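Everything below concerns the one structure shown next.
In my numbering, the protein residues as written are 297 to 583.
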């Protein structure tokens, strides 16, 4: 280098793969809910981050029922049934952000405690939302406002960084709700998961769980907001989505989760995901 000779140096470089890449935002809001608030639940094909800024909420996520308190968060993966309600006589202040990610960690729901700065960052992000995006119905992110493209990119990058920080922390063992109803719910959901390839009736499940049909109805009304059979069908569709993502045809996936009529399977699939199985396969990448 000091000899006047021209040396050609080739560096291979270190490829750093992304762990998280958010591709679309669907909704984002911060809201304080009343002490008696109860959200009966939903299933959708995108991610949902729920962070408790203050207060406490009970959460149903898949088969589990647990408590989220101030400074705690959960990330629900696509097609995971989830619901929440106010707990501990509080008026919970929560942040919810829903999004699609074409690169996301392989995980079930992720429960974590963001750092204080991360919670403050989330609050700051929500406060500037309407300056960057066109918001409909107070929560739906419709599009980037003209001239705000760089700020929108930064918004998503900051959200990705919060999630990345969470991935580096160990998952916390949050308080599980141990009421009789919650335990009944876990029991029934486990039985349904074990028999997802079969066709079961409420009476058959009640017998397997040593419960009455009325107890099952009460349990699912409380923790799922829908009947057991509707929940079971949603579970079957979630499994079918996974199987199709692994290469099964629509017909094979339908048969694998106990549907003998492919037309009925398509009807239930569209009711659950908002699109037909073939449209889902051609237009969505399940992450």
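Every residue, glycine too, gets a C-beta built ideally from N, C-alpha and C.
Source: prediction; values computed, not measured.
Residue burial classification, residue 493 (beta-carbon count within 10 angstroms, cutoff 16): exposed
Residues bridged to residue 574 (per DSSP): DSSP lists no partner for residue 574.
Cβ-based burial, residue 442 [other Cβ within 10 Å; buried from 16]: exposed
Close Cβ partners of residue 347 (< 7 Å) along its chain, the five nearest in sequence each way excluded: 369, 390, 391, 410, 415, 418
Cβ-based neighbour list, residue 553, same chain, cut-off 7 Å, excluding 5 preceding and 5 following: 492, 493, 532, 535, 536
Heavy atom of the ligand NAP within 8 Å of residue 430 beta-carbon: Looking for the ligand NAP in the displayed structure turns up nothing, as the structure carries no ligands at all.
Residue 341 - DSSP class collapsed to helix/strand/coil: Residue 341: coil per DSSP, three-state reduction.
Member of 438, 500, 387, 551 whose CA lies at the smallest distance from the CA of residue 326: 387
Environment of residue 460 [buried if 16+ CB atoms lie within 10 Å]: exposed
Sub-9 Å separation of residue 354 and residue 361 beta-carbons: yes
8 Å Cβ shell around residue 314 - same chain, five flanking residues per side excluded: Result list for residue 314: 399, in chain order.
Residue range of the unbroken beta strand (DSSP E) whose run includes residue 426: No beta strand (DSSP E) holds residue 426; the alpha helix (DSSP H) holding it covers 425-428.
Bridge partner(s) assigned by DSSP for residue 436: According to DSSP, residue 436 bridges with 323, 432.
Closest Cα partner of residue 321 within the set 437, 431, 539: Of 437, 431, 539, the residue nearest in Cα terms is 437.
Buried or exposed by the 16-neighbour rule on C-beta atoms within 10 Å, applied to residue 379: buried
Residues sharing a beta bridge with residue 372, DSSP: 344.
Per DSSP, the bridge partner or partners of residue 547: The partner list for residue 547 (beta bridge, DSSP) is empty, contrary to what the question assumes.
Neighbour-count burial assignment, residue 518, 16 or more Cβ in a 10 Å radius: buried
Extent of the continuous beta strand (DSSP E) run through residue 379: 378-382
Check whether residue 524 and residue 513 have beta carbons under 9 Å apart: yes
Contact under 9 Å by Cβ, residue 371 with residue 406: Their beta carbons are under 9 Å apart, which means residue 371 touches residue 406 by this criterion.
Same chain, Cβ closer than 8 Å to residue 572, five either side skipped, listed in chain order: These residues qualify, in order along the chain: 562, 565, 566.
Under the three-state DSSP convention, the category residue 500 falls into: In the displayed model, residue 500 falls within a helix according to three-state DSSP.
Buried or exposed (CB count within 10 angstroms, at least 16 for buried), residue 421: Buried, by the Cβ-count rule.
Nearest-angstrom Cβ-Cβ length linking residue 521 and residue 323, presumed shorter than 8 Å: That belief does not hold up - the Cβ atoms of residue 521 and residue 323 are roughly 19 Å apart, past 8 Å.
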